[in-house]
Amino acid sequence: MINITLPDNSVRQYEAGVTSLEVARDISEGLARNVLAAKVNGEVRDALRPISEDAELQLLTWRDKEGKAAMWHSSAHLMAEAIELLYPGVKFGIGPDIDNGFYYDIDFMDYDISEKDFGKIEKKMTELAREKQSFDRKKVSKQEAIAHFTDKNDEYKLELIEGLEDGEITFYTSGSFTDLCRGPHIPDTGTLKAIKLLKVAGAYWRGDENRKQLTRIYGITFPKKKELDEYLLMLEEAKKRDHRVLGKELELFTFSQAVGQGLPLWLPKGADLRERLEQYLKKLQKEAGYEQVITPHIGNINLYKTSGHYDKYGAESFQAIKTPVEGEEFFLKPMNCPHHCEIYAAKPHSYKDLPIRYAEFGTVYRYEQSGELHGLTRVRGFTQDDAHIFCTPEQIKPEFKSVIDIIDLIFKALDFNDVKVQISLSDPDKPEKYIGDRSNWEKAEKAILEVAEERGLNAVIKYGEAAFYGPKMDFMVRDAIGREWQLGTIQVDYNLPDRFNLTYIGSDNEKHRPVMIHRAPFGSMERFVAVLIEHCAGNFPLWLTPDQVIILPISEKYQDYAEKVLHLLKQQNIRGLIDDRSEKTGRKIRDAEMKKIPYMLIVGEREENEGTVSVRRHKQGDLGSYSIDDFARMVNDEVEKMINIK
Ligand SMILES: [Zn+2]
Ligand SMILES: [Zn+2]
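If you count the sequence shown from 1, you need to add 3 to reach my numbering.
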């Protein structure tokens with residue numbers, strides 16, 4: 004008999020060889036129907052695999068990331084099976100699960116394939132799924148594996164087998180399709196109730212542009228049709244909110260091939276918006292005791308050798324800049340931290356000076372492959388809302404609190420209401436993986452957990468996910484259409500203070516190492532603005548939006564009055580413009596709605612005589628007549644309310 008320990012720490016006894024699915028069935032039939040895979044002693048496996056020794060068991064369902072992954076990877080097999088039946092003789096590359104669904108890279112030989120064929124393939128997949136085909140795992144020798152795919156004439160699989168050790172090769176068979184695969188897979192195809200192929204694209208074999216281009220077909224599956232429908236609706240909505248499209252329409256940013264890929268150019272309206280975000284954060288930081296610093300965009304290569312960033316970014320990023328003088332080499336700044344360490348080291352510090360908080364909107368450059376670039380979310384140059392806090396181990400807790408306060412205010416001011424936190428801690432079983440004093444780690448981790456508890460943060464704790472140099476806390480927001488984005492981060496660092504030999508004199512008159520905390524509430528301005536655009540669909544909060552007001556004179560006769568109104572509003576810090584085209588008012592209103600300007604002020608004879616404006620709100624319609632002062636007060640009250648939430 005073996006002992007199976009479940010996540011609630013209850014222990015059940017079974018004969019050796021019991022499968023995870025059988026354990027699930029023993030708990031409840033309903034649970035068994037939902038089991039997709041299982042985590043056995045930390046390893047994700049097929050739910051059908053026998054367990055031969057005492058084990059900790061976690062049953063994985065659709066709600067678990069690994070459960071989804073097993074289902075989507077199994078869906079890739081199902082798609083391959085359908086395609087092999089419909090297009091005999093095609094050859095298969097790789098077919099992994101991805102964040103949202105799966106793909107398979109396929110050599111379609113002489114067959115022509117396009118999105119028009121999706122319906123046919125989906126139909127076949129649905130038919131096969133209904134057969135409830137099981138995924139059968141089989142260990143094979145390298146020789147058998149080679150024989151199988153030589154028979155099939157599939158040079159791609161043969162190349163993959165070359166890189167595998169004899170003794171570790173497994174095949175999975177479902178229905179008529181056998182794949183080289185290490186799994187894990189779901190028990191059977193019956194779970195794949197809703198199937199949708201999404202996209203076809205070219206993909207070079209092994210990502211090498213000198214090799215053959217295969218056809219990549221993307222798809223996604225769900226256990227229920229309703230979930231698929233919701234997903235497709237979300238995709239539609241996401242398309243409408245694409246920050247690359249809205250960024251162009253709203254004249255926020257652009258890219259130029261002449262300047263270079265992945266290097267955003269901020270247009271006046273975008274720069275203005277970004278400036279407001281920066282000013283807002285600067286104000287909060289000033290109140291929290293930060294000091295602003297400015298550092299150059301490049302640094303001597305030795306600086307990054309000292310920091311260790313050269314090891315990380317050196318060969319894989321932009322190459323060193325050489326000077327006319329022999330032996331002088333500079334590197335584009337991939338991180339601001341080394342520069343801030345040097346600022347700290349510029350003078351001696353006493354414990355009484357700590358914490359010291361240096362903040363900088365620091366622009367950094369990191370190479371990304373051109374295929375990885377995406378609008379403002381993946382770029383080659385970006386500005387971090389960076390700051391580094393140098394403090395004593397005892398100050399970690401209050402500093403975390405203060406950073407969380409700032410992040411909290413920002414998220415509220417920008418209407419991100421669904422925020423999750425991930426706390427990444429060390430693996431208590433492998434203390435040797437981490438640098439720095441163990442007791443300091445324990446203190447820091449305890450402090451972080453306490454802060455999360457005291458703040459009532461919606462936190463997931465991940466042991467073993469900490470960087471080798473310190474534990475951290477990441478902030479994830481769910482946007483208006485349900486997508487999750489990782490934004491801000493707070494990271495403890497025991498490494499850089501060591502590498503830069505940073506010290507302070509303690510109350511004992513001895514030298515001590517400060518702890519360094521890296522933090523960036525937005526992450527980067529580029530990525531944050533992209534997420535914000537998609538979150539609010541370009542309808543920025545009133546305090547942030549480029550133009551708060553547009554004045555629409557009903558004819559040329561009222562142009563002077565429109566200008567007078569604009570002038571008065573500007574005096575009250577309201578941003579606006581006049582639509583002075585000789586278009587009909589209806590047309591002007593429609594265009595202003597398209598530009599997502601929050602307030603439209605219509606002015607004509609009556610307004611001029613009474614010194615008023617007729618107010619329309621974007622997406623809401625007519626709000627009636629206001630005196631200019633009353634209107635200005637309403638706008639400024641609304642702005643105040645959003646940026647001064649406490
Ligand atoms: Zn597989
Ligand atoms: Zn840093």
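Using N, Cα and C, we set each Cβ at its ideal position, and we do this for glycine too.
Nothing here was measured: the structure is a model prediction, and the numbers come from that model.
Nearest-angstrom beta carbon gap, residue j and residue i [assumed within contact, 8 Å]
i: residue 370; j: residue 333; result: About 16 Å separates the two Cβ atoms, so there is no contact after all.
i: residue 400; j: residue 450; result: 4 Å
i: residue 62; j: residue 23; result: 6 Å
i: residue 291; j: residue 388; result: Residue 291 to residue 388, Cβ: 13 Å. No contact.
i: residue 502; j: residue 310; result: 6 Å
i: residue 344; j: residue 505; result: 6 Å
i: residue 551; j: residue 635; result: Not really, about 10 Å apart at Cβ, beyond 8 Å.
i: residue 570; j: residue 482; result: With 8 Å as the limit, residue 570 and residue 482 do not qualify as a contact, their Cβ atoms being about 38 Å apart.
i: residue 136; j: residue 177; result: 4 Å
i: residue 145; j: residue 167; result: 7 Å
i: residue 40; j: residue 59; result: Actually they do not touch by this definition, with Cβ atoms about 15 Å apart.
i: residue 364; j: residue 281; result: 6 Å
i: residue 542; j: residue 599; result: 5 Å
i: residue 507; j: residue 352; result: 4 Å
i: residue 536; j: residue 283; result: The pair is not a contact, with the Cβ atoms about 17 Å apart (cut-off 8 Å).
Distance cut-off 6 Å: residue i Cβ against heavy atoms of ligand 2
i: residue 344; result: no
Heavy atom of ligand 1 within 6 Å of residue i beta-carbon
i: residue 234; result: no
i: residue 184; result: yes
i: residue 114; result: no
i: residue 437; result: no
i: residue 175; result: yes
Cβ neighbours of residue i in the same chain (closer than 6 Å, five flanking residues each side left out)
i: residue 121; result: 200
i: residue 630; result: 615
i: residue 385; result: 527 and 529
i: residue 557; result: 588 and 607
i: residue 613; result: none
i: residue 15; result: 7
i: residue 211; result: none
i: residue 656; result: Examination of residue 656 is not possible in this model, given that the chain is present from 4 through 649 alone.
i: residue 139; result: 176
Cut-off 8 Å between Cβ atoms - residues of its own chain near residue i, not counting five sequence neighbours on either side
i: residue 436; result: 429, 430 and 471
i: residue 83; result: 95, 98, 107, 109, 180 and 182
i: residue 465; result: 425, 426, 427 and 428
i: residue 205; result: 216, 217, 218 and 219
i: residue 297; result: 363
i: residue 1; result: There is no way to answer for residue 1, as the model of the chain reaches only from 4 to 649.
Same chain only: Cβ atoms within 7 Å of residue i, ignoring 5 sequence neighbours per side
i: residue 227; result: 196 and 197
i: residue 111; result: 90, 93 and 218
i: residue 128; result: 81, 82, 85 and 198
i: residue 603; result: 553, 555, 592, 595 and 619
i: residue 649; result: Its pLDDT being 46, under 50, residue 649 is placed unreliably in this model, and the coordinates cannot settle the point.
i: residue 55; result: 19 and 20
i: residue 338; result: 312 and 367
i: residue 495; result: 399, 447, 473, 474, 475, 518 and 520
i: residue 169; result: 144 and 145
i: residue 348; result: 503 and 505
i: residue 438; result: 471, 472, 497 and 498
Residue i beta carbon near ligand 3 (any heavy atom closer than 6 Å)
i: residue 458; result: This structure lacks ligand 3; the ligands present are ligand 1 and ligand 2.
Short CB-CB distance (under 7 Å) between residue i and chain C
i: residue 621; result: Among the chains of the structure shown, chain C does not appear; only one protein chain is present.
- Whose beta carbon lies closer than 5 Å to any heavy atom of ligand 2, going through the chain in order? Per the Cβ criterion, the list is 340 and 521.
- Message: At 3 residues or longer, what runs of the beta strand (DSSP E) sit wholly inside the segment 552-577?
- Response: Runs found: 552-556.
- Query: In the segment 188-256, which residue ranges form an unbroken beta strand (DSSP E) of at least 3 residues, counting only runs that do not cross its ends?
  - Reply: Those beta strand (DSSP E) runs which fall completely within the segment 188-256 and span 3+ residues are 197-207 and 216-225.
- Message: Going residue by residue through the segment 475-562, where are the continuous alpha helix (DSSP H) segments of at least 4 residues, counting only ones entirely within it?
- Response: Correct list: 499-502 and 528-539.
- Segments assigned beta strand (DSSP E), at least 3 residues, entirely inside the segment 310-396: For the segment 310-396, whole beta strand (DSSP E) runs of length 3 or above, ordered along the chain, are 332-335, 359-368 and 384-394.
- Message: Suppose only complete runs of 3+ residues qualify. What are the beta strand (DSSP E) ranges in the segment 410-442, listed by chain order?
- Response: As for any beta strand (DSSP E) of minimum length 3 sitting wholly inside the segment 410-442, the runs are 421-428, ordered along the chain.
- Item | Start-end ranges of the beta strand (DSSP E) lying completely within the segment 111-154, minimum 3 residues | The qualifying runs are 139-143.
- Query: Which parts of the segment 47-81 are runs of the beta strand (DSSP E), unbroken and 3 residues or longer, counting only runs that do not cross its ends?
  - Reply: Residue ranges of uninterrupted beta strand (DSSP E) with 3 or more members, entirely inside the segment 47-81 and ordered along the chain, are 58-63.
- Item | In chain order, each alpha helix (DSSP H) run of at least 4 residues that lies wholly inside the segment 604-648 | Entirely contained in the segment 604-648, the alpha helix (DSSP H) runs reaching 4 residues are, in chain order, 608-613 and 631-646.
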